[in-house]
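In our numbering, the protein residues as written are 5 to 166. Shown next, in structure tokens, is the structure this report addresses.
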């Protein structure tokens, strides 16, 4: 005859194993859900860079030229060129959001690099003198600091690859 204590012990062990297996399944499921949310967030955020309209905005910004900061203000200041201001701020704020999300660990650098195809760094390098001027004249000193940060991280990422 089987001892009652043995049956209870086996029962407790089986229950504990069931809880352990459920906990492992829960953790694996949670990781997969987190990964899927990151992918969805990244795709949603990258969408403006990947649309025809987004590419037009990027192109309009990339062909801007000026000889110095006064020339920039004459041509592109918000009071003389509100359409350019809107495109510029939309792209700058998008890049600022990418930087914030990257700092928070919600977007990884490899995906961001792949999805932006160098546009983040290109925009930063083109507009760095303008943004630095705006930090002194019109905006807080931390204006677009996440944009600057993520552009620097992407630059470092490219240097490491080569």
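For every residue, glycine included, the Cβ atom is placed at its ideal position computed from N, Cα and C. Remember, predicted model here, so these are calculated numbers, not experimental data.
{"Check": "Span separating the alpha-carbon of residue 104 from that of residue 148", "Outcome": "10 Å"}
{"Check": "Residue 116, buried or exposed, once every other Cβ within 10 Å from all chains shown has been counted against 16", "Outcome": "buried"}
{"Check": "Rounded straight-line distance, which links the Cα of residue 60 to that of residue 98", "Outcome": "15 Å"}
{"Check": "The stretch 127–139 touching the stretch 61–81, judged by at least three CB pairs closer than 8 Å", "Outcome": "yes"}
{"Check": "Top-ranked residue by Cα proximity to residue 151, from 13, 163, 136, 141", "Outcome": "136"}
{"Check": "Between the CA atoms of residue 91 and residue 83 - distance to the nearest angstrom", "Outcome": "14 Å"}
{"Check": "Member of 163, 42, 21 whose CA lies at the smallest distance from the CA of residue 108", "Outcome": "42"}
{"Check": "Classification of residue 106 by the beta-carbon crowding that lies within 10 angstroms, buried from 16 upward", "Outcome": "buried"}
{"Check": "Integer-rounded CB distance, given that residue 88 should sit under 8 Å from residue 80", "Outcome": "5 Å"}
{"Check": "Extent of the continuous alpha helix (DSSP H) run through residue 102", "Outcome": "86–107"}
{"Check": "Cβ pair residue 119, residue 46 closer than 8 Å", "Outcome": "yes"}
{"Check": "Terminal residues of the alpha helix (DSSP H) in which residue 126 lies", "Outcome": "123–141"}
{"Check": "Pairwise C-alpha distance: residue 25 and residue 58", "Outcome": "47 Å"}
{"Check": "Rounded straight-line distance, which links the Cα of residue 40 to that of residue 34", "Outcome": "10 Å"}
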